[in-house]
């Protein structure tokens, strides 16, 4: 089995987009068939990739997947042997000018578990000596794991062609690394607001990034584009990952409705991939427009996203409203996660920056109210949700599921003690909070859950 794959890991700088976004957009425009993955929680980058490349993106975070086997199964399910499977992730950075360069463990685990080539992208906006020193720190950090070999590198924010020549010469003298090219400082782009990446404002927000990518694509000899596909094919052989659980019995008869809208995409499409891996049929139910299917629905999934932007559309969609009301007794599978969780509760306090604030209402299926403190993204925190005594959704006493928070969203129960999980930073940490409301097989959680961290539990929940 062959799955051509390559990881592009970007040095972090506050307020700047990942250069990997420019690279994959250029590759897409050149006619490469791509399958895109994001190796760390970054909703802005994920949404930008969706807009610029006009295709779904899968979140592939090693911590959230909670293990090598789960991450490989997810990648195997979502990747394509006919595409260039590209994983964008963070390479880390320096906390201060004098501190060592810190490569996050997620980056190392991705390269190790996927057995993939990794291309570090480093800033070269200082002297060539400092750039090469950083390259040395990065390669030494990554290659402490003997299965990881850094064979190439890309440089961004290069001061001028002369400076790049010096970096190229010095790197070639010290390392057996092929420089792929450089991105001029003029192509650095600031991160837009997430709220600007939907509806009519989206095309305006991505225009500077799209123009930079087109400019880069047409700059002769600036980047050696064929090297990306060459690296992807260098270790394309893939040992098939066995299933961690078997498909649901008669799963071909299980139809899960997934509510579709551009605002409900910022968590990626990983949950739908697990549903398909378990043999379920994913039935797309557009929030706007006509319904085009005629099959029985056995469950509803409302993905993570800023649902406050589209509240009236839920109540205006008679089919969806009827479907939710029929499932409200708890006999059918239903999940509303992350920013979409308020729709199953009662009162919803809108962000003060959005339409002057105010309040809306959910369907009142579960006993809680919600409040958006701000329309900004904040910094999501990964956490593990541990089963509490009365949680019917995870049946084993030692089971858990990973996810990440929606930082500017809070849920408050009308009946204290109803939360079905306690949350922790990791399995050995102290409890940091409570999360999740359930009723039969209905669950709402302010976390964007990663079911690939608990596929057997998710299977039982789907099967009922």
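Residue numbers (the working numbering): -11 to 452. Using N, Cα and C, we set each Cβ at its ideal position, and we do this for glycine too.
Beta-bridge annotation (DSSP): residue 134 is not paired with any residue. Contact between the segment -7 to 6 and the segment 157 to 170 is not established, with fewer than three Cβ pairs separated by less than 8 Å. Boundaries of the beta strand (DSSP E) around residue 23: 22 to 26.
The C-alpha of residue 18 lies about 15 Å from the C-alpha of residue 209.
Looking at the backbone, the Cα of residue 299 and that of residue 130 are separated by about 46 Å. Using a Cβ distance threshold of 7 Å, residue 289 and residue 353 do not count as a contacting pair. Per the coordinates, the alpha-carbon of residue 147 lies some 13 Å from the alpha-carbon of residue 117. Nearest neighbour of residue 319 by Cα position, chosen from 235, 313, 428, turns out to be 428.
By the criterion of a C-beta distance shorter than 8 Å, residue 339 is surrounded in its chain by 296, 345, 360, 361, 362, 363, 396, once the five residues flanking it on both sides are discounted.
As DSSP reads the structure, residue 289 sits in a beta bridge with 246, 323. Sequence-distant partners of residue 44 (beyond 5 residues in either direction) whose C-beta falls short of 6 Å from its own C-beta, in its chain, are 257.
In the displayed model, residue 151 falls within a helix according to three-state DSSP. Within 10 angstroms of the beta-carbon of residue -10 lie fewer than 16 other beta-carbons, which makes it exposed.
Apart from the 5 residues on each side of it in sequence, residue 285 sits with its Cβ closer than 7 Å to the Cβ of 243, 245, 271, 311 in its chain, given in chain order. Distance check between residue 277 and each of 291, 255, 304, 287 places 304 closest, using alpha-carbon atoms only. Distance from the CA of residue 414 to the CA of residue 436, rounded to the nearest whole angstrom, comes to 16 Å. Just so you know, the alpha carbons of residue 137 and residue 203 end up roughly 31 Å apart.
Inter-residue distance for residue 325 and residue 269 is about 20 Å (C-alpha atoms, whole angstroms).
With contacts defined as CB atoms closer than 7 Å, residue 327 and residue 293 qualify as a contacting pair. Around the beta carbon of residue 419, fewer than 16 other beta carbons sit within 10 angstroms, so the residue counts as exposed.
Residue 53 and residue 63 have their C-alpha atoms spaced approximately 11 Å apart. In this structure, DSSP gives residue 340 a state outside helix and strand, which the three-state scheme calls coil.
Counting only residues of its own chain and dropping the five nearest sequence neighbours on each side, residue 394 has a CB closer than 6 Å to the CB of 326, 327, 434.
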